[in-house]
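Respectively, the protein sequence lines represent chains W and S.
Be aware that the first sequence starts at 1, since it is given in UniProt numbering, and climbs by one per residue.
Be aware that the second sequence starts at 1, since it is given in UniProt numbering, and climbs by one per residue.
Notes for the one structure printed next.
2 protein chains.
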Amino acid sequence: MSGSPSAPPADELAAVTLTDSVAGVVEAEFSQRVLIRSIIRRPDGGADLAGQRVRVGGWVKKGRKQRAIAFLEVNDGSCEANLQVLVDAELVTTLGEVTVGQIVATGTCVHVEGTLKVPPEGTVQRIELNVEKVLDLGTVNAAKYPLPKTKLTLEFIRDYVHLRPRTNAISAIARIRNALAYATHTFFQKHGFLYVHTPIITTSDCEGAGEMFQVTTLINDAEKLEKELTKIPADLEAARILAKDKGEIVTQLKSAKASDTEISAAVSELKIAKENLKKLEEKSKLKPGIPQKDGKIDYGQDFFARQAFLTVSGQLQVETYASALSSVYTFGPTFRAEHSHTSRHLAEFWMVEPEIAFADIQDDMNCAEAFVKFLCQWLLDNCRDDMEFMVEKFDKSAIDRLEMVAATGFVRLSYTDAVAILEEASKETNFENKVEWGIDLASEHERYLTEVKYKKPVIVYNYPKGIKAFYMKVNTDNKTVAAMDVLVPKVGELIGGSQREERYEVIRDRILEMGLPLEPYEWYLDLRRFGTVKHSGFGLGFERMILFATGIDNIRDVIPFPRYPGRADL
Amino acid sequence: MSGSPSAPPADELAAVTLTDSVAGVVEAEFSQRVLIRSIIRRPDGGADLAGQRVRVGGWVKKGRKQRAIAFLEVNDGSCEANLQVLVDAELVTTLGEVTVGQIVATGTCVHVEGTLKVPPEGTVQRIELNVEKVLDLGTVNAAKYPLPKTKLTLEFIRDYVHLRPRTNAISAIARIRNALAYATHTFFQKHGFLYVHTPIITTSDCEGAGEMFQVTTLINDAEKLEKELTKIPADLEAARILAKDKGEIVTQLKSAKASDTEISAAVSELKIAKENLKKLEEKSKLKPGIPQKDGKIDYGQDFFARQAFLTVSGQLQVETYASALSSVYTFGPTFRAEHSHTSRHLAEFWMVEPEIAFADIQDDMNCAEAFVKFLCQWLLDNCRDDMEFMVEKFDKSAIDRLEMVAATGFVRLSYTDAVAILEEASKETNFENKVEWGIDLASEHERYLTEVKYKKPVIVYNYPKGIKAFYMKVNTDNKTVAAMDVLVPKVGELIGGSQREERYEVIRDRILEMGLPLEPYEWYLDLRRFGTVKHSGFGLGFERMILFATGIDNIRDVIPFPRYPGRADL
Numbered sequence: 001m002s003g004s005p006s007a008p009p010a011d012e013l014a015a016v017t018l019t020d021s022v023a024g025v026v027e028a029e030f031s032q033r034v035l036i037r038s039i040i041r042r043p044d045g046g047a048d049l050a051g052q053r054v055r056v057g058g059w060v061k062k063g064r065k066q067r068a069i070a071f072l073e074v075n076d077g078s079c080e081a082n083l084q085v086l087v088d089a090e091l092v093t094t095l096g097e098v099t100v101g102q103i104v105a106t107g108t109c110v111h112v113e114g115t116l117k118v119p120p121e122g123t124v125q126r127i128e129l130n131v132e133k134v135l136d137l138g139t140v141n142a143a144k145y146p147l148p149k150t151k152l153t154l155e156f157i158r159d160y161v162h163l164r165p166r167t168n169a170i171s172a173i174a175r176i177r178n179a180l181a182y183a184t185h186t187f188f189q190k191h192g193f194l195y196v197h198t199p200i201i202t203t204s205d206c207e208g209a210g211e212m213f214q215v216t217t218l219i220n221d222a223e224k225l226e227k228e229l230t231k232i233p234a235d236l237e238a239a240r241i242l243a244k245d246k247g248e249i250v251t252q253l254k255s256a257k258a259s260d261t262e263i264s265a266a267v268s269e270l271k272i273a274k275e276n277l278k279k280l281e282e283k284s285k286l287k288p289g290i291p292q293k294d295g296k297i298d299y300g301q302d303f304f305a306r307q308a309f310l311t312v313s314g315q316l317q318v319e320t321y322a323s324a325l326s327s328v329y330t331f332g333p334t335f336r337a338e339h340s341h342t343s344r345h346l347a348e349f350w351m352v353e354p355e356i357a358f359a360d361i362q363d364d365m366n367c368a369e370a371f372v373k374f375l376c377q378w379l380l381d382n383c384r385d386d387m388e389f390m391v392e393k394f395d396k397s398a399i400d401r402l403e404m405v406a407a408t409g410f411v412r413l414s415y416t417d418a419v420a421i422l423e424e425a426s427k428e429t430n431f432e433n434k435v436e437w438g439i440d441l442a443s444e445h446e447r448y449l450t451e452v453k454y455k456k457p458v459i460v461y462n463y464p465k466g467i468k469a470f471y472m473k474v475n476t477d478n479k480t481v482a483a484m485d486v487l488v489p490k491v492g493e494l495i496g497g498s499q500r501e502e503r504y505e506v507i508r509d510r511i512l513e514m515g516l517p518l519e520p521y522e523w524y525l526d527l528r529r530f531g532t533v534k535h536s537g538f539g540l541g542f543e544r545m546i547l548f549a550t551g552i553d554n555i556r557d558v559i560p561f562p563r564y565p566g567r568a569d570l
Numbered sequence: 001m002s003g004s005p006s007a008p009p010a011d012e013l014a015a016v017t018l019t020d021s022v023a024g025v026v027e028a029e030f031s032q033r034v035l036i037r038s039i040i041r042r043p044d045g046g047a048d049l050a051g052q053r054v055r056v057g058g059w060v061k062k063g064r065k066q067r068a069i070a071f072l073e074v075n076d077g078s079c080e081a082n083l084q085v086l087v088d089a090e091l092v093t094t095l096g097e098v099t100v101g102q103i104v105a106t107g108t109c110v111h112v113e114g115t116l117k118v119p120p121e122g123t124v125q126r127i128e129l130n131v132e133k134v135l136d137l138g139t140v141n142a143a144k145y146p147l148p149k150t151k152l153t154l155e156f157i158r159d160y161v162h163l164r165p166r167t168n169a170i171s172a173i174a175r176i177r178n179a180l181a182y183a184t185h186t187f188f189q190k191h192g193f194l195y196v197h198t199p200i201i202t203t204s205d206c207e208g209a210g211e212m213f214q215v216t217t218l219i220n221d222a223e224k225l226e227k228e229l230t231k232i233p234a235d236l237e238a239a240r241i242l243a244k245d246k247g248e249i250v251t252q253l254k255s256a257k258a259s260d261t262e263i264s265a266a267v268s269e270l271k272i273a274k275e276n277l278k279k280l281e282e283k284s285k286l287k288p289g290i291p292q293k294d295g296k297i298d299y300g301q302d303f304f305a306r307q308a309f310l311t312v313s314g315q316l317q318v319e320t321y322a323s324a325l326s327s328v329y330t331f332g333p334t335f336r337a338e339h340s341h342t343s344r345h346l347a348e349f350w351m352v353e354p355e356i357a358f359a360d361i362q363d364d365m366n367c368a369e370a371f372v373k374f375l376c377q378w379l380l381d382n383c384r385d386d387m388e389f390m391v392e393k394f395d396k397s398a399i400d401r402l403e404m405v406a407a408t409g410f411v412r413l414s415y416t417d418a419v420a421i422l423e424e425a426s427k428e429t430n431f432e433n434k435v436e437w438g439i440d441l442a443s444e445h446e447r448y449l450t451e452v453k454y455k456k457p458v459i460v461y462n463y464p465k466g467i468k469a470f471y472m473k474v475n476t477d478n479k480t481v482a483a484m485d486v487l488v489p490k491v492g493e494l495i496g497g498s499q500r501e502e503r504y505e506v507i508r509d510r511i512l513e514m515g516l517p518l519e520p521y522e523w524y525l526d527l528r529r530f531g532t533v534k535h536s537g538f539g540l541g542f543e544r545m546i547l548f549a550t551g552i553d554n555i556r557d558v559i560p561f562p563r564y565p566g567r568a569d570l
């Protein structure tokens with residue numbers, strides 16, 4: 001930070017910020033500046049604010065020096081557009097060693113105060129800021145700044161995960177992600193759902209440990225023990241000598257016929273020395289490494305006294321709250337330790353999982369459809385600028401797609417009908433995967449249904465029992481389960497859900513049928529034993545929704561800090 | 001599920017649900033029933049709905065049989081109050097093996113349709129439901145149900161984490177928690193902050209690995225390898241025999257002067273057998289156990305190719321977004337592997353962490369105060385019933401406390417002044433911990449300031465440099481840092497925050513001064529190298545806020561699935 005003039009006292013500040021001075025139009029915050037969005041995004045582009053004194057802060061996107069004036073395009077992340085800020089060289093040079101040449105560098109942080117004015121005719125901007133006071137400057141060594149140029153690929157900036165939010169693309173995606181998160185909460189709250197924080201650390205190993213991350217303190221504890229053990233031989237030696245010495249003292253005192261008091265004091269010292277030695281000897285027998293019991297790792301010694309994992313889904317746990325509070329949802333991070341290097345997989349990703357008591361598969365589909373429509377409409381209403389940016393830079397059809405989904409009823413198709421359609425289609429289309437009743441639909445099949453056949457969202461329901469999870473409700477045909485997937489253009493499967501099996505005997509048999517042990521599911525079975533309830537739910541992959549909305553291709557670009565095999569930066 | 005009459009077709013349903021039939025007063029959902037809250041919480045207790053046909057679902061809190069009628073107090077979790085539901089014995093017995101005696105058992109799930117009517121004079125309820133159709137029943141074996149009685153301690157039900165949401169206390173806390181979560185998002189969105197999902201898995205070991213959980217796939221991989229290795233001796237033996245046989249065949253063919261084609265075919269088979277043997281021999285040399293390199297665990301083989309942990313705070317990562325998008329916040333789970341068995345510590349807990357660019361410590365305190373007041377007012381406006389329940393059952397002063405905090409300016413006190421006050425107080429009060437400038441305030445000191453001295457929230461700021469983290473801004477006195485803690489009655493420290501050190505040289509020196517390595521912080525230093533910005537933020541312990549609001553004593557009761565040493569149920 002070069003040059004940090006002290007801030008004016010609070011009463012002076014009140015006069016220079018726009019807060020309250022222009023009724024209801026400029027957002028107040030906790031940083032005594034105004035958001036650039038609140039100037040530029042006014043109906044007339046902010047022209048009506050001419051003459052107002054404001055304080056703004058942001059980072060220089062582009063700067064140029066013209067005579068003694070620096071023209072800076074400043075962005076504060078509140079919207080995609082920049083505010084043009086004019087700084088007189090004299091104002092800068094008073095700050096010390098900073099030159100005007102420096103502040104025009106991309107990435108410079110400026111915190112300034114000045115008067116808004118209408119620029120000369122012929123400029124695109126409707127308003128610009130004439131700086132009267134430079135409050136703070138954060139300069140950039142342009143030669144070392146990793147993101148100086150304006151044209152950088154998403155792949156390139158992935159290596160600068162801490163700086164990439166300063167790019168137009170990542171900041172637009174961040175605003176869209178933020179909007180979708182708040183829209184999610186608003187939708188469910190509006191419909192009487194309660195938000196439940198399901199656990200991240202779980203001891204329910206639901207789908208086999210193979211794809212789960214383990215959470216442990218055993219390795220750290222073993223390393224600590226190892227350090228202690230290296231010190232033990234020396235300590236042991238010292239303790240042995242001490243015990244021997246104390247013993248000799250007792251012998252000497254006895255043979256010298258010393259007083260009882262003297263002897264008993266020496267004996268008591270000997271006792272302490274022997275006890276200490278014993279403790280050390282026991283410790284020295286501890287084996288280094290992770291504790292074992294009966295030839296296996298002794299998880300009794302782990303933090304939670306059993307093996308623990310990162311959750312792959314909050315569904316089973318959130319069902320406990322649905323079985324008491326009726327309509328609930330969870331929205332949080334979930335994890336898969338799969339070695340997938342695709343553009344569609346992350347090791348850490350966010351899921352939205354509602355669970356509705358007294359709801360069947362039809363209700364579930366209604367909820368899923370209403371939710372997706374709501375999200376699309378929300379973006380159209382609240383993120384128009386950012387969506388226009390995505391259309392311009394990444395996907396021409398992004399806004400059209402949102403409008404279509406928000407306005408169109410979703411096709412609902414049974415799995416059996418879907419297979420019939422795909423079998424028919426495979427006469428003309430070359431699918432890589434053969435279509436026949438019983439297969440799990442491949443991505444190419446899903447894309448065909450939603451992108452080619454119907455050109456709108458499609459819900460496929462009633463899948464074969466054999467390819468679906470044990471907790472899904474078995475239909476009366478005993479061949480299919482009441483599962484449903486929502487397929488949308490661009491990403492394919494966006495949502496997977498089902499009615500849950502609420503009949504105790506049926507679900508118990510399904511668990512056994514699949515070769516799973518009953519014990520870890522006893523609590524889940526309890527929900528069926530005691531006041532069981534018809535219920536349904538689904539999971540929406542939050543990053544998939546962002547891919548769908550923005551048209552971005554790689555999932556690593558729509559989450560702030562992507563985690564995948566070999567990479568977990570920061 | 002005993003007796004599941006098939007649901008009526010959709011058009012019939014439209015006639016029996018209240019949706020749209022009583023304008024704007026009864027909430028529609030995705031389960032074709034109405035929320036009990038929307039009946040009972042009307043200004044007249046729902047009496048104006050008499051004569052309406054509705055469908056409701058819920059769990060029996062208390063039931064009794066009187067002549068041929070079952071009187072059920074039914075709760076669906078939408079509010080603390082129950083709806084009285086009357087079911088004629090005849091309706092039940094038609095369902096098969098279920099008796100009226102069974103459905104009155106606590107915990108029974110009922111899904112019913114009927115007409116609302118005003119009960120006879122002298123009853124507390126203003127409305128009750130006369131059931132005409134039982135849609136679904138989920139019975140309970142009362143003898144085995146773990147939570148049959150109405151009076152159960154919070155400690156007792158902690159062992160039934162999957163069933164405890166059915167109790168009045170835990171469901172009220174769940175609604176309060178839900179309200180506080182949505183209030184949090186609403187507050188920050190209203191003030192132009194963007195929600196950023198900071199990572200759960202992190203490779204930034206910020207405060208020393210000792211208190212962090214490790215995330216790994218090494219143990220699982222080692223176990224897989226071990227299984228493979230046990231099969232190797234047999235495979236090796238078979239491969240050796242095969243190679244020997246193939247060699248003999250070649251020898252025989254050569255001595256029998258077979259054709260070149262025959263010989264070269266045999267040679268090529270021999271080659272394959274030898275290669276296979278070589279591969280197996282190499283594999284057999286792999287050591288079982290966790291991979292080592294230079295005497296240490298080889299984290300290059302772990303999922304992320306380096307050691308990874310569960311995050312202890314999203315602050316450092318969210319700063320990267322504040323340094324681009326100005327006002328941001330994160331709200332998610334954080335983790336500590338501390339062996340604390342207190343009523344105030346969890347291994348997994350939720351934190352709200354805003355980060356504000358262009359904000360100093362004063363702005364930070366303003367934001368913290370406004371946020372806490374907003375949360376309190378939100379509960380007063382939206383959770384009155386549940387708060388009254390908490391007052392009745394757990395803490396007489398819970399509502400008074402919320403009202404006081406919502407309406408009172410917080411005291412702001414420098415650490416130096418706070419110590420002077422505590423030194424004065426220690427003449428009369430027996431503190432366990434000695435007070436002197438330089439100490440970290442103990443809980444008893446914090447409680448004294450907020451509960452005894454001021455009887456309202458107190459913000460203590462400008463703490464001694466030596467007891468605070470490296471990232472806090474060093475004040476001009478070079479003795480203190482711009483840190484602040486918000487102390488509130490009942491829980492003590494609710495919020496901890498600071499202005500962040502934005503000067504590159506100063507923060508680099510602070511890292512070194514604390515004996516930390518620079519390398520893991522290079523990305524954090526980059527934020528100061530390139531366009532550094534004055535910024536501030538804080539963290540609010542979400543569970544502490546719930547303890548403060550509800551008056552509940554043990555933190556394990558205010559999170560749905562508590563994790564602490566030795567326990568991580570479900």
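Every residue gets a Cβ at the ideal spot worked out from N, C-alpha and C, and that includes glycine.
Rounded to the nearest angstrom, what separates residue i and residue j at their Cα positions?
i, j, result
"K393 (chain W)", "A50 (chain S)", "58 Å"
"L72 (chain W)", "A89 (chain W)", "12 Å"
"G541 (chain W)", "I495 (chain W)", "7 Å"
"V352 (chain S)", "V312 (chain S)", "12 Å"
"G46 (chain W)", "R126 (chain W)", "6 Å"
"V533 (chain S)", "H341 (chain W)", "36 Å"
"L135 (chain S)", "P165 (chain S)", "24 Å"
"V25 (chain W)", "L194 (chain S)", "Only weak support is given to the placement of V25 (chain W): the predicted model assigns it a pLDDT of 48, under 50, and the value that follows is read from those uncertain coordinates. Near 19 Å, if we compare the C-alpha coordinates of L194 (chain S) and V25 (chain W)."
"C383 (chain W)", "I232 (chain S)", "60 Å"
Assuming residue i and residue j make a contact with CB atoms under 8 Å, what is their CB distance in whole Å?
i, j, result
"G192 (chain S)", "S171 (chain W)", "Wrong, their Cβ atoms sit about 14 Å apart, outside the cutoff."
So, residue i versus residue j, is the Cβ gap smaller than 8 Å?
i, j, result
"P560 (chain S)", "A183 (chain S)", "no"
"residue 575 (chain W)", "W378 (chain W)", "Outside the shown range of chain W (1 to 570) lies residue 575 (chain W), about which nothing can therefore be said."
"L487 (chain S)", "L449 (chain S)", "yes"
"V419 (chain W)", "V405 (chain W)", "no"
"A357 (chain S)", "S326 (chain S)", "yes"
On the DSSP bridge assignment, give the partners of residue i in chain order.
i, result
"R500 (chain S)", "S:M472, S:H535"
"K117 (chain S)", "S:E128"
"C79 (chain W)", "None, per the DSSP bridge assignment."
**Request:** Could you please tell me which residues of the region 46-77 of chain S, in chain order, have their CB closer than 9 Å to any CB of chain W?
**Result:** R55, V56, G57, G58, W59, V60, N75, D76, G77
**Prompt:** Looking at chain W, which residues of the region 82-111 of chain S have a Cβ within less than 8 Å of any of its Cβ atoms?
**Reply:** Along the region 82-111 of chain S, the positions whose C-beta sits under 8 Å from a C-beta of chain W are G107, T108, C109, H111, read in chain order.
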